[in-house]
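Everything in the sequence shown is counted per my numbering, starting at 4 for the first residue and increasing by one.
Cβ coordinates follow ideal geometry from the N, Cα and C atoms, glycine included.
Below is one structure, written out as structure tokens, with a few remarks after it.
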Amino acid sequence: MDSMIFDVDGTLWDATPIVAEEWTAISRREYDPQTTITAPQLRGLFGKLLPDIAAALFPEASPERQMELIGMCCEAEHAALLRAPEAPIYPGLEDTLRVLAERYRLFIVSNCQAGYIEVFLECTGFGHYFQGHLCPGDTGHPKGDNIRAIIRQYDLKAPVYIGDTRGDQEATRQAGIPFVYASYGYGQVEAPEYTISQISDLISLF
4 MDSMIFDVDG TLWDATPIVA EEWTAISRRE YDPQTTITAP QLRGLFGKLL
54 PDIAAALFPE ASPERQMELI GMCCEAEHAA LLRAPEAPIY PGLEDTLRVL
104 AERYRLFIVS NCQAGYIEVF LECTGFGHYF QGHLCPGDTG HPKGDNIRAI
154 IRQYDLKAPV YIGDTRGDQE ATRQAGIPFV YASYGYGQVE APEYTISQIS
204 DLISLF
């Protein structure tokens with residue numbers, strides 16, 4: 004193994020409480036005054052492509068309006084995360100990245116909107132640990148394609164992908180690389196190649 008590619012939500016941090024508050028405010032103002040969007044609800048949706056999340060949250064709106072609404076939600080979310088007193092990272096993340104970065108090349112591929120990975124890196128100050136990142140908001144392509152693009156762009160010979168949902172696992176299989184299941188995250192998967200119960204388990208696993 005020469006590299007690790009990470010998901011963000013449910014793998015590196017859990018921003019859903021902050022995001023839920025912001026998305027609820029936007030939804031009540033722009034869509035339905037009675038709406039409440041919860042962190043557990045978002046944990047069940049994150050990992051999907053943004054149009055699919057928008058369709059689930061705003062089913063009565065047209066597809067065009069759904070994307071307008073989710074765009075406003077994402078803008079508010081970014082601002083809230085950047086002004087949060089501390090990043091909602093999982094325990095032990097920086098110590099783990101510090102050790103891993105000495106031995107492996109690290110990357111991020113997430114099914115998020117443009118700018119979200121940059122917000123994560125700015126909030127945490129962890130940009131120096133990662134050599135590159137991609138998302139559908141940047142490329143217009145889903146996660147499996149973006150994993151393959153990272154592999155090609157950086158000439159990775161033996162990467163693994165670390166994620167927490169079935170969608171992550173399927174994308175990893177499409178890319179033809181091993182999957183490490185972060186069982187502390189949002190989803191359930193079957194028969195992953197590897198499983199970790201906390202982010203620091205990566206140090207002993209590899």
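{"Asked": "Curious, which full-length beta strand (DSSP E) runs of at least 3 residues does the segment 64-151 contain?", "Found": "108-112 and 135-137"}
{"Asked": "What residues are listed by DSSP as bridge partners for Lys-51?", "Found": "Phe-49"}
{"Asked": "Who are the near neighbours of Ala-90 in its chain, counting only those whose CB is closer than 7 Å to its CB and skipping five residues on each side?", "Found": "Trp-16, Cys-126 and Thr-127"}
{"Asked": "Name the DSSP bridge partner or partners of Ala-185?", "Found": "Ile-199"}
{"Asked": "Please name the residue or residues paired with Tyr-164 in a DSSP beta bridge.", "Found": "Ile-8 and Phe-182"}
{"Asked": "For Lys-160 and Arg-68, what's the separation of their Cα atoms in angstroms?", "Found": "42 Å"}
{"Asked": "Tell me the rounded alpha-carbon separation between Glu-105 and Pro-62.", "Found": "46 Å"}
{"Asked": "Suppose the cutoff is 6 Å on Cβ atoms and the five residues either side in sequence are ignored; what does the same chain contact list for Gly-140 look like?", "Found": "Gln-116 and Ala-117"}
{"Asked": "Given this structure, state the Cα-to-Cα distance separating Glu-33 from Cys-76, to the nearest angstrom.", "Found": "10 Å"}
{"Asked": "Note down the Cα distance separating Val-122 from Ala-59, rounded to an integer number of angstroms.", "Found": "24 Å"}
{"Asked": "Once the 5 residues before and after Tyr-157 are set aside, which same chain residues still bring their CB inside 8 Å of it?", "Found": "Ser-6, Arg-108, Phe-110, Gln-134 and Gly-135"}
{"Asked": "Taking just the CA atoms, how far does Thr-142 sit from Phe-209?", "Found": "30 Å"}
{"Asked": "Would a C-beta distance cut-off of 7 Å place Thr-168 and Ser-186 closer than the cut-off?", "Found": "no"}
{"Asked": "Quick check on the burial criterion: 16 or more other C-beta atoms within 10 angstroms. Buried or exposed for Val-112?", "Found": "buried"}
{"Asked": "Ordered along the chain, which non-local residues of its own chain (more than five positions away) have a Cβ less than 7 Å from that of Leu-84?", "Found": "Ala-18, Ile-21, Val-122 and Cys-126"}
{"Asked": "Between the C-alpha atoms of Val-38 and Ile-180, what's the straight-line distance to the nearest angstrom?", "Found": "Rather than Val, the amino acid found at residue 38 in this sequence is Thr. Approximately 40 Å between the Cα atoms of the pair."}
{"Asked": "Just how far apart, CA to CA, sit Phe-49 and Asp-55?", "Found": "10 Å"}
{"Asked": "Would you call the CB atoms of Ile-202 and Gly-95 closer than 7 Å?", "Found": "yes"}
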